[in-house]
Amino acid sequence: MTANRGLALFRFWFALLGFVAVLFQFLHLMQNVPGAKAGNYFSYFTIESNIIAFVTLGIAGWFAWKGESPRWLELLRGAATVYMTITGITYSLLLSDIDVNTPIPWINVVLHYTVPTIIVIDWLVDLPKTRISIRTSLLWLAFPLLYLVYSLVRGPIVDWYPYPFLDPRSSGYGTVAVMSVLIAVAAFAFAVVAALSTKLQDTVPHPATAPATGRHRVPIETP
49 MTANRGLALF
59 RFWFALLGFV
69 AVLFQFLHLM
79 QNVPGAKAGN
89 YFSYFTIESN
99 IIAFVTLGIA
109 GWFAWKGESP
119 RWLELLRGAA
129 TVYMTITGIT
139 YSLLLSDIDV
149 NTPIPWINVV
159 LHYTVPTIIV
169 IDWLVDLPKT
179 RISIRTSLLW
189 LAFPLLYLVY
199 SLVRGPIVDW
209 YPYPFLDPRS
219 SGYGTVAVMS
229 VLIAVAAFAF
239 AVVAALSTKL
249 QDTVPHPATA
259 PATGRHRVPI
269 ETP
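Numbering-wise (this note's numbering), the sequence shown opens with residue 49 and increments by one.
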(Lines of atoms letter the chains of each structure in order from A; the text may use other names.)
(Lines give C-alpha, C1' and ligand atoms only; values in the text may rest on other atoms or scores of the structure.)
Protein backbone atom coordinates (compact mmCIF):
# COMPACT_ATOMS: atom_id res chain seq x y z
CA MET A 49 0.00 0.00 0.00
CA THR A 50 1.42 3.37 -1.02
CA ALA A 51 1.16 6.41 1.21
CA ASN A 52 -2.03 8.39 0.72
CA ARG A 53 -1.39 11.81 2.21
CA GLY A 54 -4.71 13.20 0.98
CA LEU A 55 -6.67 10.47 2.76
CA ALA A 56 -4.51 10.94 5.84
CA LEU A 57 -5.24 14.68 5.99
CA PHE A 58 -8.95 14.00 5.43
CA ARG A 59 -8.94 11.65 8.41
CA PHE A 60 -6.91 13.99 10.59
CA TRP A 61 -9.29 16.87 9.91
CA PHE A 62 -12.43 14.98 10.84
CA ALA A 63 -10.73 13.33 13.81
CA LEU A 64 -9.93 16.82 15.08
CA LEU A 65 -13.47 18.03 14.37
CA GLY A 66 -14.97 15.13 16.32
CA PHE A 67 -12.56 15.65 19.22
CA VAL A 68 -13.31 19.37 19.40
CA ALA A 69 -17.07 18.76 19.28
CA VAL A 70 -17.00 16.21 22.13
CA LEU A 71 -14.67 18.34 24.26
CA PHE A 72 -16.41 21.67 23.61
CA GLN A 73 -19.82 20.26 24.44
CA PHE A 74 -18.49 18.65 27.63
CA LEU A 75 -16.97 21.93 28.81
CA HIS A 76 -20.14 23.83 27.90
CA LEU A 77 -22.38 21.46 29.86
CA MET A 78 -20.11 21.38 32.91
CA GLN A 79 -19.92 25.18 33.04
CA ASN A 80 -23.43 26.20 32.01
CA VAL A 81 -25.91 23.45 32.84
CA PRO A 82 -26.82 23.07 36.53
CA GLY A 83 -26.61 19.48 37.70
CA ALA A 84 -24.65 18.29 34.68
CA LYS A 85 -22.47 15.30 35.51
CA ALA A 86 -19.44 14.01 33.67
CA GLY A 87 -20.52 10.41 34.29
CA ASN A 88 -23.83 11.00 32.56
CA TYR A 89 -22.23 12.83 29.65
CA PHE A 90 -19.85 9.99 28.90
CA SER A 91 -22.68 7.47 29.29
CA TYR A 92 -24.32 8.55 26.04
CA PHE A 93 -23.73 6.10 23.20
CA THR A 94 -23.36 9.11 20.92
CA ILE A 95 -20.38 10.37 22.90
CA GLU A 96 -18.75 6.98 23.29
CA SER A 97 -19.15 6.10 19.61
CA ASN A 98 -17.81 9.50 18.54
CA ILE A 99 -14.77 9.02 20.76
CA ILE A 100 -14.17 5.65 19.11
CA ALA A 101 -14.65 7.33 15.73
CA PHE A 102 -12.21 10.21 16.15
CA VAL A 103 -9.58 7.95 17.74
CA THR A 104 -9.99 5.52 14.84
CA LEU A 105 -9.77 8.30 12.25
CA GLY A 106 -6.62 9.64 13.89
CA ILE A 107 -4.94 6.24 13.95
CA ALA A 108 -6.09 5.42 10.42
CA GLY A 109 -4.80 8.79 9.25
CA TRP A 110 -1.38 8.03 10.67
CA PHE A 111 -1.19 4.67 8.94
CA ALA A 112 -2.47 6.14 5.66
CA TRP A 113 0.33 8.70 5.88
CA LYS A 114 2.82 5.84 6.19
CA GLY A 115 1.12 3.75 3.52
CA GLU A 116 0.16 0.93 5.88
CA SER A 117 -3.12 -0.78 6.75
CA PRO A 118 -2.72 -3.47 9.44
CA ARG A 119 -5.51 -5.97 9.87
CA TRP A 120 -6.32 -4.87 13.42
CA LEU A 121 -6.91 -1.35 12.12
CA GLU A 122 -9.29 -2.64 9.46
CA LEU A 123 -11.29 -4.35 12.20
CA LEU A 124 -11.25 -1.17 14.29
CA ARG A 125 -12.48 0.86 11.32
CA GLY A 126 -15.27 -1.63 10.78
CA ALA A 127 -16.33 -1.36 14.41
CA ALA A 128 -16.33 2.44 14.27
CA THR A 129 -18.38 2.34 11.07
CA VAL A 130 -21.03 0.11 12.66
CA TYR A 131 -21.21 2.19 15.85
CA MET A 132 -21.51 5.50 14.04
CA THR A 133 -24.16 4.06 11.73
CA ILE A 134 -26.13 3.06 14.82
CA THR A 135 -25.66 6.56 16.22
CA GLY A 136 -26.74 8.40 13.08
CA ILE A 137 -29.76 6.27 12.22
CA THR A 138 -31.02 5.90 15.81
CA TYR A 139 -30.80 9.65 16.32
CA SER A 140 -32.56 10.42 13.04
CA LEU A 141 -35.41 7.97 13.66
CA LEU A 142 -35.92 8.17 17.42
CA LEU A 143 -34.15 11.11 19.02
CA SER A 144 -34.05 14.13 16.72
CA ASP A 145 -36.96 15.78 18.56
CA ILE A 146 -35.75 14.82 22.04
CA ASP A 147 -33.28 16.60 24.32
CA VAL A 148 -30.16 14.43 24.46
CA ASN A 149 -27.86 17.09 25.90
CA THR A 150 -26.64 18.53 22.60
CA PRO A 151 -27.78 22.16 23.04
CA ILE A 152 -25.27 23.65 20.61
CA PRO A 153 -26.56 23.22 17.03
CA TRP A 154 -23.25 22.80 15.22
CA ILE A 155 -22.09 20.18 17.72
CA ASN A 156 -25.35 18.29 17.34
CA VAL A 157 -24.84 18.21 13.57
CA VAL A 158 -21.22 17.08 13.88
CA LEU A 159 -21.91 14.28 16.36
CA HIS A 160 -25.12 12.92 14.86
CA TYR A 161 -24.74 13.58 11.13
CA THR A 162 -21.27 14.69 10.01
CA VAL A 163 -19.02 12.16 11.71
CA PRO A 164 -21.36 9.19 11.04
CA THR A 165 -21.46 10.13 7.36
CA ILE A 166 -17.70 10.65 7.15
CA ILE A 167 -16.97 7.31 8.82
CA VAL A 168 -19.13 5.47 6.29
CA ILE A 169 -17.56 7.37 3.37
CA ASP A 170 -14.08 6.64 4.70
CA TRP A 171 -14.91 2.94 4.94
CA LEU A 172 -16.24 2.78 1.39
CA VAL A 173 -13.43 4.74 -0.27
CA ASP A 174 -10.73 2.71 1.51
CA LEU A 175 -12.11 -0.80 1.93
CA PRO A 176 -10.01 -3.26 3.94
CA LYS A 177 -7.19 -5.02 2.14
CA THR A 178 -8.31 -8.37 3.57
CA ARG A 179 -11.81 -9.79 3.61
CA ILE A 180 -13.65 -9.63 6.93
CA SER A 181 -15.89 -12.61 7.53
CA ILE A 182 -19.41 -12.25 8.85
CA ARG A 183 -18.41 -14.34 11.88
CA THR A 184 -15.62 -11.92 12.70
CA SER A 185 -17.86 -8.90 12.17
CA LEU A 186 -20.16 -10.15 14.93
CA LEU A 187 -17.40 -9.23 17.39
CA TRP A 188 -18.30 -5.61 16.65
CA LEU A 189 -21.63 -6.15 18.41
CA ALA A 190 -19.95 -6.76 21.78
CA PHE A 191 -19.64 -3.06 22.57
CA PRO A 192 -23.29 -2.12 21.89
CA LEU A 193 -24.47 -5.10 23.95
CA LEU A 194 -22.16 -4.19 26.83
CA TYR A 195 -23.40 -0.61 26.57
CA LEU A 196 -26.99 -1.82 26.91
CA VAL A 197 -26.16 -3.84 30.02
CA TYR A 198 -24.19 -0.93 31.48
CA SER A 199 -27.04 1.53 30.91
CA LEU A 200 -29.69 -0.73 32.43
CA VAL A 201 -27.53 -1.55 35.47
CA ARG A 202 -26.35 2.01 36.04
CA GLY A 203 -29.77 3.60 35.48
CA PRO A 204 -31.43 2.53 38.75
CA ILE A 205 -28.26 3.32 40.70
CA VAL A 206 -28.01 6.95 39.57
CA ASP A 207 -31.71 7.37 38.73
CA TRP A 208 -30.87 8.44 35.18
CA TYR A 209 -31.03 6.84 31.74
CA PRO A 210 -29.36 8.27 28.62
CA TYR A 211 -32.28 7.67 26.25
CA PRO A 212 -36.07 7.39 26.66
CA PHE A 213 -36.21 3.98 24.96
CA LEU A 214 -33.83 2.64 27.64
CA ASP A 215 -35.83 4.09 30.54
CA PRO A 216 -38.16 1.45 32.05
CA ARG A 217 -39.67 3.97 34.46
CA SER A 218 -41.88 5.49 31.78
CA SER A 219 -42.87 2.52 29.62
CA GLY A 220 -41.70 -0.59 31.44
CA TYR A 221 -39.06 -3.19 30.72
CA GLY A 222 -41.19 -4.74 27.98
CA THR A 223 -40.84 -1.66 25.78
CA VAL A 224 -37.14 -1.43 26.63
CA ALA A 225 -36.70 -5.06 25.60
CA VAL A 226 -38.53 -4.58 22.30
CA MET A 227 -36.55 -1.45 21.39
CA SER A 228 -33.29 -3.10 22.42
CA VAL A 229 -33.99 -6.11 20.21
CA LEU A 230 -34.89 -3.90 17.25
CA ILE A 231 -31.68 -1.88 17.60
CA ALA A 232 -29.66 -5.09 18.06
CA VAL A 233 -31.13 -6.51 14.85
CA ALA A 234 -30.27 -3.29 13.03
CA ALA A 235 -26.72 -3.38 14.43
CA PHE A 236 -26.38 -6.98 13.26
CA ALA A 237 -27.50 -5.94 9.78
CA PHE A 238 -25.00 -3.05 9.72
CA ALA A 239 -22.18 -5.41 10.75
CA VAL A 240 -23.09 -7.94 8.06
CA VAL A 241 -23.29 -5.25 5.37
CA ALA A 242 -19.90 -3.86 6.44
CA ALA A 243 -18.38 -7.34 6.27
CA LEU A 244 -19.91 -8.10 2.88
CA SER A 245 -18.65 -4.78 1.52
CA THR A 246 -15.09 -6.03 1.93
CA LYS A 247 -15.74 -8.33 -1.04
CA LEU A 248 -16.19 -5.36 -3.36
CA GLN A 249 -12.57 -4.94 -4.39
CA ASP A 250 -9.64 -7.21 -5.13
CA THR A 251 -6.80 -6.75 -2.69
CA VAL A 252 -3.33 -8.01 -1.97
CA PRO A 253 -3.46 -11.03 0.36
CA HIS A 254 -1.86 -10.83 3.77
CA PRO A 255 1.83 -11.92 3.60
CA ALA A 256 1.39 -14.57 6.30
CA THR A 257 -1.28 -16.43 4.35
CA ALA A 258 -0.68 -15.41 0.73
CA PRO A 259 0.18 -18.05 -1.90
CA ALA A 260 3.37 -17.77 -3.86
CA THR A 261 1.52 -16.44 -6.89
CA GLY A 262 -1.86 -14.96 -7.66
CA ARG A 263 -4.13 -12.50 -5.91
CA HIS A 264 -7.05 -13.32 -3.68
CA ARG A 265 -8.77 -12.08 -0.61
CA VAL A 266 -7.89 -13.53 2.77
CA PRO A 267 -10.71 -13.68 5.30
CA ILE A 268 -10.00 -12.37 8.79
CA GLU A 269 -11.18 -15.12 11.08
CA THR A 270 -11.34 -15.41 14.83
CA PRO A 271 -8.83 -17.76 16.43
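Glycine included, every Cβ here is placed at the ideal spot set by N, Cα and C.
Query, Result
"N- and C-terminal bounds of the alpha helix (DSSP H) containing Phe-213", "Neither: Phe-213 is in no alpha helix (DSSP H) and is coded neither H nor E."
"Pairwise C-alpha distance: Phe-238 and Leu-124", "15 Å"
"Three CB pairs or more closer than 8 Å across the segment 159-178 and the segment 128-136", "yes"
"Buried or exposed (CB count within 10 angstroms, at least 16 for buried), Gln-79", "exposed"
"Residue from Tyr-221, Leu-244 and Leu-196 with nearest C-alpha to Val-175", "According to the sequence displayed, residue 175 carries Leu and not Val. The shortest C-alpha separation from Leu-175 is found at Leu-244."
"The segment 175-184 in contact with the segment 108-124 per 3-pair CB rule at 8 Å", "yes"
"Within 7 Å, strictly: CB atoms of Ala-127 and Trp-188", "yes"
"Buried or exposed by the 16-neighbour rule on C-beta atoms within 10 Å, applied to Ala-86", "exposed"
"Backbone secondary structure at Pro-82 - three-state DSSP", "coil"
"Nearest-angstrom Cβ-Cβ length linking Asn-98 and Gly-54, presumed shorter than 8 Å", "No, Asn-98 and Gly-54 are not in contact; Cβ-Cβ is about 23 Å, not under 8 Å."
"Segment contact, 8 Å Cβ cut-off, at least three pairs: the segment 56-65 with the segment 100-111", "yes"
"Inter-residue Cα distance where the pair is Arg-287 and Leu-71", "A query on residue 287 cannot be resolved here, the shown segment of the chain reaching from 49 to 271 and no further."
"Cut-off 7 Å between Cβ atoms - residues of its own chain near Ala-260, not counting five sequence neighbours on either side", "Its pLDDT being 45, under 50, Ala-260 is placed unreliably by the model, and the measurement read from it follows with that caveat. Hits under 7 Å: none found."
"Endpoints, alpha helix (DSSP H) assigned at Val-206", "190-206"
"Which listed residue (Phe-58, Thr-94 and Met-227) has its alpha carbon closest to that of Asn-149", "Thr-94"
"Selected residue, minimal CA-CA separation from Leu-23, among Ala-225, Leu-200 and Tyr-92", "Since the first residue shown for the chain is 49 and the last is 271, residue 23 is missing from the structure and cannot be characterised."
"Close Cβ partners of Thr-246 (< 7 Å) along its chain, the five nearest in sequence each way excluded", "Leu-175, Pro-176, Arg-179 and Ile-180"
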